[in-house]
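Accompanying notes for the structure given below.
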């Protein structure tokens with residue numbers, strides 16, 4: 006391809022994108038072409054279209070947003086993840102999660118009764134269950150009618166499913182940094198229209214043990230009309246009320262019709 | 070020089086995000102409501118646009134565009150992508166839940182474009198066909214196919230006018246007086 010047709014093609018795709026968007030394949034083609042045209046400003050035509058629309062809107066007069074929207078917007082800054090937050094993709098490793106990291110070295114001194122009790126606890130609560138895996142439960146709930154399914158903010162980091170009638174839900178988390186449970190744990194917060202924004206529902210404390218994990222949601226109160234889910238980093242064991250200093254993920258529920 | 074609002078946002082200043090919402094909520098709402106299928110859709114879009122702005126503010130260059138233009142670009146992209154993903158164009162008049170027009174608001178002109186009307190003035194210098202295509206595409210939100218039907222032009226011609234019109238508009242906004250309609254064709258290769 007000669008330089009002229011390539012540039013013309015690039016400009017055509019930039020103009021198409023500015024006016025009506027691009028299909029993913031065309032978008033990928035544009036990215037590839039732009040890599041070969043470093044002197045082209047990829048935003049130049051979008052900005053020209055934007056300035057024209059801005060002039061048009063100003064001439065018509067800007068519309069007043071609804072008060073409810075403005076109120077919702079005021080809560081948004083506190084929910085945004087820190088700008089420095091980077092979701093590192095941790096390579097999979099054969100290490101197991103916190104459940105199997107319990108040290109048993111002190112058992113000798115505690116005697117057989119304690120050992121037996123621990124074994125029983127392990128069998129009851131920690132041993133692999135013969136029932137469906139979390140992946141299966143997540144998929145089953147996801148395919149269920151009336152299940153709410155929302156992506157995390159950047160969409161590449163997984164999603165969340167929640168069923169209101171069943172009060173059951175699961176998070177699929179991709180690329181969230183592993184935590185050391187002795188130092189900090191993740192905690193889910195469920196913002197519900199029936200709760201004050203300052204006191205969202207505690208959705209449970211959890212650890213991230215791999216690149217992609219499925220985590221069940223354990224809501225401490227009945228969830229009625231959730232509108233936003235947020236994950237924070239808190240002290241081990243979680244907190245009753247988060248200072249929201251370390252928000253790592255949010256998922257906003259689209260408003261229904 | 071003091072950092073701009075978007076530069077403060079890029080640095081993680083949440084209070085700047087609050088100020089940005091106060092200042093530009095009407096602008097973002099105005100962009101969203103022109104495309105959204107109903108009020109709830111528009112409200113969700115506004116929040117998502119501000120979240121997107123939080124993530125993209127670092128790309129803002131005050132020497133290239135005003136804050137209002139940059140924010141309009143982010144809002145436009147979000148709404149265009151949403152329409153594309155849905156695979157359909159809205160017909161708000163049929164849906165009945167049109168985002169409300171609560172009337173224009175009083176604003177300090179300095180909060181918006183540095184030079185109001187500059188782009189519309191530039192538009193008036195383009196060829197008739199280019200102007201027509203850009204007006205339908207940007208002011209009416211029509212797709213290229215819809216413009217082809219509305220104007221009777223072949224689709225390829227619509228796309229060509231759109232490309233050349235936007236390039237000419239860009240050059241005029243950059244202060245290149247030679248980018249009047251007659252100079253566009255030759256200028257394109259050197260853009």
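Residue numbers (the working numbering), protein chains in the order written: chain G, 6 to 262; chain B, 70 to 260. Note that beta-carbon positions come from the ideal geometry of N, C-alpha and C, so glycine has one too. Being a predicted model, the structure only gives us computed values, none of them experimental.
Could you please give me the residues that DSSP links to residue i through a beta bridge?
{"i": "residue 254/G", "result": "236/G"}
{"i": "residue 153/G", "result": "167/G"}
{"i": "residue 174/G", "result": "167/G"}
{"i": "residue 217/G", "result": "179/G"}
{"i": "residue 231/G", "result": "197/G"}
What in chain B is Cβ-close to residue i, meaning under 7 Å?
{"i": "residue 260/G", "result": "109, 112, 113"}
{"i": "residue 17/G", "result": "228, 232"}
{"i": "residue 158/G", "result": "120"}
{"i": "residue 272/G", "result": "Residue 272/G lies beyond the range of chain G shown here (6 to 262); nothing can be said about it."}
{"i": "residue 40/G", "result": "Going along chain B, no residue has its Cβ under 7 Å from residue 40/G, so there is no contact; the nearest lies around 17 Å."}
Specify the secondary structure class of residue i as computed by DSSP and reduced to three states.
{"i": "residue 218/B", "result": "helix"}
{"i": "residue 232/B", "result": "helix"}
{"i": "residue 89/B", "result": "helix"}
{"i": "residue 178/B", "result": "Low confidence applies to residue 178/B: its pLDDT is 47, below 50, so where it sits in the model is not reliable, and the reading given next is rough at best. Reduced to three states, the DSSP call for residue 178/B is helix."}
{"i": "residue 39/G", "result": "helix"}
{"i": "residue 207/G", "result": "strand"}
{"i": "residue 192/G", "result": "strand"}
{"i": "residue 197/G", "result": "strand"}
{"i": "residue 194/B", "result": "coil"}
{"i": "residue 184/G", "result": "coil"}
{"i": "residue 129/B", "result": "coil"}
{"i": "residue 74/B", "result": "helix"}
{"i": "residue 206/B", "result": "helix"}
{"i": "residue 139/G", "result": "helix"}
Check the Cβ of residue i against every Cβ in chain G and list those closer than 9 Å, keeping chain order.
{"i": "residue 86/B", "result": "81, 82, 85"}
{"i": "residue 153/B", "result": "25, 26, 27, 28"}
So which residues of chain G does residue i contact, with C-beta pairs closer than 8 Å?
{"i": "residue 137/B", "result": "59"}
{"i": "residue 187/B", "result": "56, 60"}
Closer than 7 Å by beta-carbon distance: list the chain G residues that pair up with residue i, in chain order.
{"i": "residue 141/B", "result": "55, 58, 59"}
{"i": "residue 192/B", "result": "57"}
{"i": "residue 242/B", "result": "53, 56"}
Would you say residue i reaches chain A, if we count a Cβ-Cβ gap shorter than 7 Å as a contact?
{"i": "residue 145/B", "result": "No chain A is present in this structure, whose protein chains are G and B."}
Do you know offhand how far residue i's Cα is from residue j's?
{"i": "residue 75/B", "j": "residue 87/B", "result": "11 Å"}
{"i": "residue 89/B", "j": "residue 81/G", "result": "12 Å"}
{"i": "residue 94/G", "j": "residue 214/G", "result": "For residue 94/G, the predicted structure reports a pLDDT of 30, less than 50, and the residue's modelled location is therefore unreliable. The matter cannot be settled from this model."}
{"i": "residue 208/B", "j": "residue 114/B", "result": "19 Å"}
{"i": "residue 241/B", "j": "residue 41/G", "result": "26 Å"}
{"i": "residue 133/B", "j": "residue 144/B", "result": "18 Å"}
{"i": "residue 243/G", "j": "residue 194/G", "result": "11 Å"}
{"i": "residue 250/G", "j": "residue 122/B", "result": "20 Å"}
{"i": "residue 233/G", "j": "residue 112/B", "result": "14 Å"}
{"i": "residue 120/B", "j": "residue 220/B", "result": "38 Å"}
{"i": "residue 82/B", "j": "residue 84/G", "result": "13 Å"}
{"i": "residue 224/B", "j": "residue 213/B", "result": "7 Å"}
{"i": "residue 152/B", "j": "residue 18/G", "result": "18 Å"}
{"i": "residue 181/G", "j": "residue 105/B", "result": "33 Å"}
{"i": "residue 240/G", "j": "residue 173/G", "result": "25 Å"}
{"i": "residue 127/B", "j": "residue 171/G", "result": "42 Å"}
Could you tell me which chain B residues have their CB closer than 8 Å to the CB of residue i, listed as they occur along the chain?
{"i": "residue 78/G", "result": "90, 94, 115, 116, 119"}
Taking residue i as the query, report the chain B residues whose CB atoms sit under 9 Å from its CB, ordered along the chain.
{"i": "residue 200/G", "result": "What residue 200/G touches in chain B: nothing, since even the nearest Cβ is about 18 Å away."}
{"i": "residue 21/G", "result": "213, 228, 231, 232"}
Which of the residues in the stretch 42-58 of chain G, read from start to end, lie with their CB under 8 Å from any CB of chain B? 45, 46, 48, 49, 50, 51, 52, 53, 54, 55, 56, 57, 58
Taking a Cβ distance cut-off of 8 Å, strictly less, list which residues of the stretch 200-214 of chain B are near chain G, in chain order. 203, 206, 207, 208, 212, 213
Could you name the residues of the stretch 226-237 of chain B whose beta carbon sits closer than 7 Å to any beta carbon of chain G, in the order they occur along the chain? 228, 231, 232, 235, 236
Return the residues of the stretch 205-218 of chain G that lie within a Cβ-Cβ distance of less than 7 Å from chain B, sorted by chain order. none
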